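Residue numbers for the first sequence follow my numbering, beginning at 2 and rising by one. Built from N, CA and C at the ideal position, the CB exists for glycine as well. It should be emphasised that the depicted structure is a prediction, and the values quoted were computed from it without experimental measurement. Notes follow once the structure below has been shown.
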Amino acid sequence: MPDFLNRMVITPELNYDQLTIAEATLIQQQLRGHLNLEPLQIEAKTIAGADISLDLYSETVYAGLVVMSYPDLQPIAYSLVKSSTIFPYIPGYLAFREIPAILKAYEQLPVKPDIVMFDGNGILHARRMGIASHFGVITDAITMGCAKKKLAGQYVDPGPSKGEYTQVTDKGEVIGYAVRTKDNVKPVFISPGHQMSLEDSLTLALKCTGKHRLPEPTRRAHEYVNRFRIGTLTEGYHEFDSRTLF
DNA sequence: GCGACAG
DNA sequence: ATCTTGTCGC
2 MPDFLNRMVI TPELNYDQLT IAEATLIQQQ LRGHLNLEPL QIEAKTIAGA DISLDLYSET
62 VYAGLVVMSY PDLQPIAYSL VKSSTIFPYI PGYLAFREIP AILKAYEQLP VKPDIVMFDG
122 NGILHARRMG IASHFGVITD AITMGCAKKK LAGQYVDPGP SKGEYTQVTD KGEVIGYAVR
182 TKDNVKPVFI SPGHQMSLED SLTLALKCTG KHRLPEPTRR AHEYVNRFRI GTLTEGYHEF
242 DSRTLF
């Protein structure tokens, strides 16, 4: 935990479930002051996708991360944790609903991934504090966001071919990109979360995209937490046998 | 007040 | 987010 957390309203013991929207907004404004959008300082060798799955109207959440090699994008390990939340889904406050569970799955990883890609936004957010940025700031992890729908800002539709993209702007600043990750398919919204630049997030998103609309980390994470929810996968930390990598 | 609105 | 069948297109 970054030491600054103990010097402000946010403490490691803070329970998100009991926060009011006003308090959550204040926390986002404070965390924003600790954002670092400088260019990536490392050469990534692993990248993980983070996501949650849940039954409709249920407070039980199935969270998890899938760690993949980079740039090979082969699954190396995954961490799954069953948790709960009562914080409702409110556009702009997704972090308060999903982070507690994802944090447990993250802490269960014996070795942290170089980068974590979230199913949601980084700075592509009204207060520049989407779930990816929020998680990055409180854990010091390098993060980025990949959302399937636009949350904030303005943009013009990018060209129809894979690889084309346009900027998403808000109040005069670029906060992310609308990226066509597959021919003639709706774009995804990419933005840096923490400890990487806008350009880094765009480059990484494209390098992580294969034949599907969603980048591999996010796509796999979504698949795994869903299998966990329906019972095909079990809770805990799991590593793939090195033999299966060849 | 009106429209927008990640998962 | 999740519930769902067929169907259009590459």
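>> Let me check understanding here. Comparing Cα to Cα, which of Ile143, Arg181, Ala127 lies closest to Gly211?
In response: If you number the first sequence from 1, residue 211 lands on position 210. The residue with the shortest Cα to Cα distance from Gly211 is Arg181.
> Counting along the chain, where does the alpha helix (DSSP H) carrying Lys208 start and finish?
Replying inline: Position 207 of the first sequence, counting from 1, holds the residue named residue 208. Note, Lys208: alpha helix (DSSP H), 199-208.
> Excluding the five sequence neighbours on either side, which residues of its own chain have a C-beta within less than 7 Å of the C-beta of Leu246, listed in chain order?
Replying inline: Counting from one through the first sequence, the residue named residue 246 turns up at place 245. Confidence is the limiting factor: at Leu246 the pLDDT is only 43, short of 50, which leaves the residue's position unreliable and the question unanswerable from this model.
> By how many angstroms is the C-alpha of Asn185 removed from the C-alpha of Met2?
Replying inline: What you label residue 2 is simply residue 1 of the first sequence in a count that begins at 1. What you label residue 185 is simply residue 184 of the first sequence in a count that begins at 1. The straight-line gap from Cα to Cα measures roughly 43 Å.
>> Which same chain residues end up closer than 8 Å to Lys105 when comparing Cβ atoms and leaving out the 5 residues on each side of it in sequence?
In response: Within the first sequence, the letter at position 104 stands for residue 105. Here the set comprises Ala64, Val82, Ser84.
>> I'd like to know whether the C-beta atoms of Ala222 and Val67 end up nearer to each other than 8 Å.
In response: Sequence index remark: in the first sequence, residue 222 carries index 221 (1-based). Sequence index remark: in the first sequence, residue 67 carries index 66 (1-based). Closer than 8 Å, so yes.
> His126 and Gly93: beta carbons closer than 8 Å?
Replying inline: Residue numbering aside, residue 126 sits at position 125 when the first sequence is read from its first letter. Residue numbering aside, residue 93 sits at position 92 when the first sequence is read from its first letter. Yes; because the gap between Cβ atoms is below 8 Å, this pair is in contact.
>> Could you tell me which whole alpha helix (DSSP H) segments of length 4 or greater appear in the region 54-133?
In response: 95-108
>> I believe Asp52 touches Asp120 by the beta-carbon criterion, under 8 Å. Please report the beta-carbon distance rounded to the nearest angstrom.
In response: As a first step, residue 52 is located in the first sequence; it is residue number 51 there, counting from the start. As a first step, residue 120 is located in the first sequence; it is residue number 119 there, counting from the start. That pair is a contact at about 4 Å.
> Do you know whose CA, among Asn37, Ala78, Thr86, lies nearest Ser59's CA?
Replying inline: Within the first sequence, the letter at position 58 stands for residue 59. Minimum Cα distance to Ser59 is reached at Thr86.
> How big is the Cα-Cα spacing for Tyr17 and His195?
Replying inline: To locate residue 17, count along the first sequence from 1; it is residue 16. To locate residue 195, count along the first sequence from 1; it is residue 194. Roughly 21 Å separates the two Cα atoms.
> Are the Cβ atoms of Phe97 and Ala25 separated by less than 8 Å?
Replying inline: Working through the first sequence from its first residue, we reach residue 97 at position 96. Working through the first sequence from its first residue, we reach residue 25 at position 24. Yes. Within cutoff.
>> According to DSSP, simplified to helix, strand and coil, what is Gly164?
In response: As a working mapping, residue 164 is identified with position 163 in the first sequence. In the structure shown, Gly164 sits in coil (DSSP, three-state: anything other than H, G, I, E or B).
> Using the rule of at least 16 other Cβ atoms within 10 Å of the residue's Cβ for burial, across every protein chain shown, is Thr144 buried or exposed?
Replying inline: Translated into the one-based positions of the first sequence, residue 144 becomes position 143. Looking at its Cβ environment, which holds 16 or more other Cβ atoms inside 10 Å, Thr144 is buried.
>> Within a Cβ cutoff of 7 Å, which residues of the same chain sit near Leu234, ignoring the five residues on either side of it in sequence?
In response: Position 233 of the first sequence, counted from the start, is the residue given in the question as residue 234. Answer for Leu234: Leu81, Tyr225, Arg228, listed in chain order.
> What residue from Val62, Leu36, Gly232, Ala78 has the CA that sits closest to Ile48's CA?
Replying inline: Taking the first sequence and counting its residues from 1, the one referred to as residue 48 is at position 47. Among Val62, Leu36, Gly232, Ala78, the Cα nearest to that of Ile48 is on Ala78.
> Got a sec? Which residues, its chain only, sit under 6 Å from Leu95 by beta carbon, not counting five neighbours each side?
Replying inline: In the first sequence, the residue the question calls residue 95 occupies position 94. Contacts found: Gly121, Ile132.
> Straight-line CA distance for Ala153 to Glu236?
Replying inline: Within the first sequence, numbered from 1, the residue matching residue 153 stands at position 152. Within the first sequence, numbered from 1, the residue matching residue 236 stands at position 235. Cα-Cα distance, rounded: 34 Å.
> CB-CB under 7 Å to Ile28, same chain, minus the five flanking residues each way: which ones, in chain order?
Replying inline: In the first sequence, counting from the first residue as 1, residue 28 sits at position 27. For Ile28, where only same-chain residues beyond five positions count, the Cβ hits under 7 Å are Val10, Ile11.
>> On the criterion of 16 or more Cβ atoms from any shown chain inside 10 Å, does Pro40 qualify as buried, or is it exposed?
In response: Numbered from 1 along the first sequence, position 39 holds the residue referred to as residue 40. Looking at its Cβ environment, which holds fewer than 16 other Cβ atoms inside 10 Å, Pro40 is exposed.
> Do you know whose CA, among Asn7, Glu44, Ala45, lies nearest Leu32's CA?
Replying inline: Residue mapping note: residue 32 aligns to position 31 of the first sequence, counting from 1. Nearest C-alpha to Leu32: Asn7.
> Could you give the distance in angstroms between the alpha-carbon of Arg128 and the alpha-carbon of Pro111?
Replying inline: As a working mapping, residue 128 is identified with position 127 in the first sequence. As a working mapping, residue 111 is identified with position 110 in the first sequence. Going by the C-alpha atoms only, they are around 32 Å apart.
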